[in-house]
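Okay, so the sequence shown: first residue is 189 according to our numbering, each after it adds one. Every residue, glycine too, gets a C-beta built ideally from N, C-alpha and C. Predicted, not measured: the structure shown is a model, and the values here were computed from it. Contents: one structure, followed by commentary.
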Amino acid sequence: MLSFFRRKKPQDAPQDAPKTQHYSAEELAAAFPQASQDGPSAPAPIEAPAAEVPAVEAPAALVPSAEAPVAPPAAPLPPVVPVVPAATVAPAPVTPEAPVASPVAAPAVVPAPVPDPVAAVALAIAEPTVPAPLVVAEPIAAPLPPPVLVANQITQEAAQPVATDPGEGTAAAAPGKLGWRDRLRNSVIARSFGGLFSRNPKLDDDLLDELETALITADVGVGATTALVEGLRKRMKAREFADANALLAALRSDLIAILQPVSKPLVIDRSAKPFVVLTVGVNGVGKTTTIGKLAKRFKDDGHSLMLAAGDTFRAAAVAQLQIWGERNGVTVVAQGQNADAASVAFDALQAGKARGTEVLIADTAGRLHTQGGLMNELGKIRRVLGKIDPAAPHEVLMVIDGTTGQNALSQLRQFHAAVNVTGLVVTKLDGTAKGGVVFALAREFGIPIRFAGIGERPEDLRVFDPEAFVDALLPEALGS
């Protein structure tokens with residue numbers, strides 16, 4: 189019976205666990221004594237059953253004799269049943285590690301990976317922590333200088349417009365003829381002459397015809413143009429010119445001769461306190477801005493100064509003049525909006541006499557020369573000033589826009605009849621102004637041209653210079 193059960197047992201085991209078929213008998217034999225005895229006595233029972241196996245197989249035919257030892261085999265049967273499931277459960281997790289190493293190797297492997305991840309985690313935490321402050325500290329030091337530089341630049345840029353005229357982003361014209369040429373090279377007359385003589389034309393009547401067209405287009409006027417061209421034609425027929433450049437040099441001399449009589453700078457009479465300057469002109473020619481530039485010029489020359497805000501009609505005209513006064517450190521006498529301009533001029537003249545001011549510049553509202561009522565108002569201002577000082581105003585400056593053209597002749601004619609204009613200021617010559625109107629004004633009226641505006645900054649209000657003006661209009665190769 190015992191041999192029968194032992195033979196059947198290996199057959200069942202391979203069905204349940206085919207993977208352990210090669211050494212299932214040894215493991216079962218080793219596992220059984222471990223369940224009943226201690227670890228050290230395990231090898232003794234393993235050898236005893238091995239010796240009994242041949243003894244049992246020899247009397248295999250003695251079946252009836254097995255009835256006597258029925259009781260002893262009954263004892264091992266119960267443990268065999270639980271051993272099979274134990275062996276079945278053990279092979280799954282334990283089988284791959286049992287043949288690899290003894291039980292000592294298993295715990296050696298387990299603690300080894302435990303410290304490794306711990307050390308790795310510690311290093312990973314320490315590494316990002318150390319560079320974090322270093323990286324943060326470097327960019328903090330880097331961006332600090334740029335804001336300081338930007339702030340300085342902003343401060344400098346903000347200071348420049350405050351210290352200068354509304355001409356933001358434009359530099360003052362260079363002193364001398366170079367500044368005139370730089371600012372007047374875009375005028376119509378300068379471009380016309382430049383295009384005419386740059387191609388080295390032939391000296392003939394066609395050249396004179398082209399020259400006549402260029403002068404008329406530049407608003408020099410028909411009368412002045414005819415006189416210039418006919419004079420050059422006579423000299424050309426007399427063979428005074430060798431080439432076109434000689435004719436151009438003669439034209440330069442004739443243009444300067446027209447402007448020379450009206451080149452009279454404004455002279456302040458210090459005996460008249462205050463020296464009253466009344467500014468007039470049509471709308472939008474730049475009277476208030478010209479007053480601000482004149483105030484800076486007179487202030488730099490050492491004159492005590494006062495301004496009268498007589499333009500009470502245009503919105504913000506009084507505030508504009510007050511800003512100019514603050515920039516130049518000049519007192520401004522003003523009243524409310526729509527106040528009587530003659531009353532403002534009267535109060536300013538009284539205040540100027542009381543303070544001993546040397547120069548008083550009075551502003552007036554712009555008006556069209558065709559409006560008789562407004563032109564009569566200028567006569568009223570002149571009469572009111574004459575009640576305090578019979579000689580006042582000592583200078584009547586008319587501001588003329590250089591882009592006006594031949595209409596400037598009509599404007600000057602009407603204003604001169606109303607207030608007796610004694611000086612001219614031609615503005616806006618630095619743009620696309622034709623510029624030739626200056627020759628027409630000088631030839632027809634002969635009124636002195638005191639100043640010329642060739643830019644937006646206070647320094648760009650220049651004392652009129654005929655030679656510099658003409659040389660700026662002619663080609664640079666001609667020179668002076």
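From the options, residue whose alpha carbon lies closest to that of residue i
i, options, result
"G498", "I404, G611, I479", "I479"
"G643", "L454, D393, K481", "K481"
"P578", "V464, G383, Q448, F381", "V464"
"A378", "I404, Q510, D397", "I404"
"D392", "W368, V408, A430, G367", "A430"
"I549", "G567, H582, I576", "H582"
"P646", "G474, T591, N433, T414", "G474"
"L396", "M563, A522, E418", "E418"
"A432", "L399, A412, T615", "L399"
"T610", "A402, L447, L466", "L466"
"L372", "G513, I635, G590, V410", "G590"
"V468", "I635, M563, A628", "M563"
"A539", "G472, I576, L509, L556", "I576"
"T558", "D535, Q599, E546", "Q599"
"L436", "L384, V547, K484, V450", "L384"
Distance, residue j Cα to residue i Cα
i, j, result
"A580", "K461", "10 Å"
"D489", "I637", "20 Å"
"T684", "D551", "There is no way to answer for residue 684, as the model of the chain reaches only from 189 to 668."
"I342", "A507", "Model confidence at I342 stands at a pLDDT of 28, short of 50, so the residue's coordinates are unreliable; what they give is reported in the following sentence. Distance between the alpha carbons of I342 and A507: 27 Å."
"G382", "P389", "12 Å"
"Q344", "P654", "At Q344 the pLDDT is 33, less than 50, meaning the model places this residue with poor confidence and gives no usable figure here."
"F756", "F639", "Examination of residue 756 is not possible in this model, given that the chain is present from 189 through 668 alone."
"A630", "G560", "25 Å"
"R502", "A553", "7 Å"
"Q525", "L585", "24 Å"
"K541", "A606", "26 Å"
"V658", "N608", "28 Å"
"T414", "I588", "24 Å"
"L649", "V625", "18 Å"
"L597", "R369", "25 Å"
"V651", "G567", "28 Å"
"F603", "V470", "9 Å"
"E514", "L612", "26 Å"
"F486", "T615", "18 Å"
"A656", "G367", "9 Å"
"I444", "L416", "12 Å"
"G641", "G472", "14 Å"
"Q594", "Q448", "21 Å"
"L556", "R601", "12 Å"
"A402", "L420", "15 Å"
For residue i: DSSP bridge partner residues
i, result
"V464", "L548"
"V587", "V613"
"G641", "L649"
"V520", "L495"
Chain C within 8 Å of residue i, Cβ atoms only
i, result
"I642", "In the structure shown, chain C does not exist; there is a single protein chain."
Could you check whether the region 490-500 touches the region 518-527, counting it as contact only if at least three pairs of C-beta atoms, one from each stretch, sit closer than 8 Å?
Under the Cβ criterion (8 Å, minimum of three pairs), the region 490-500 counts as touching the region 518-527.
Report yes or no: do three or more beta-carbon pairs, one from the region 567-579 and one from the region 529-537, lie closer than 8 Å?
yes
Count Cβ pairs between the region 453-472 and the region 417-431 that sit closer than 8 Å; are there 3 or more?
no
Below 8 Å, can you find three or more Cβ-Cβ pairs linking the region 653-664 to the region 438-447?
yes
Go through the region 430-482 residue by residue and report every complete run of the alpha helix (DSSP H) that reaches 4 residues or more, in order.
432-447
Which residue spans inside the region 374-404 form an unbroken alpha helix (DSSP H) run of at least 4?
376-385
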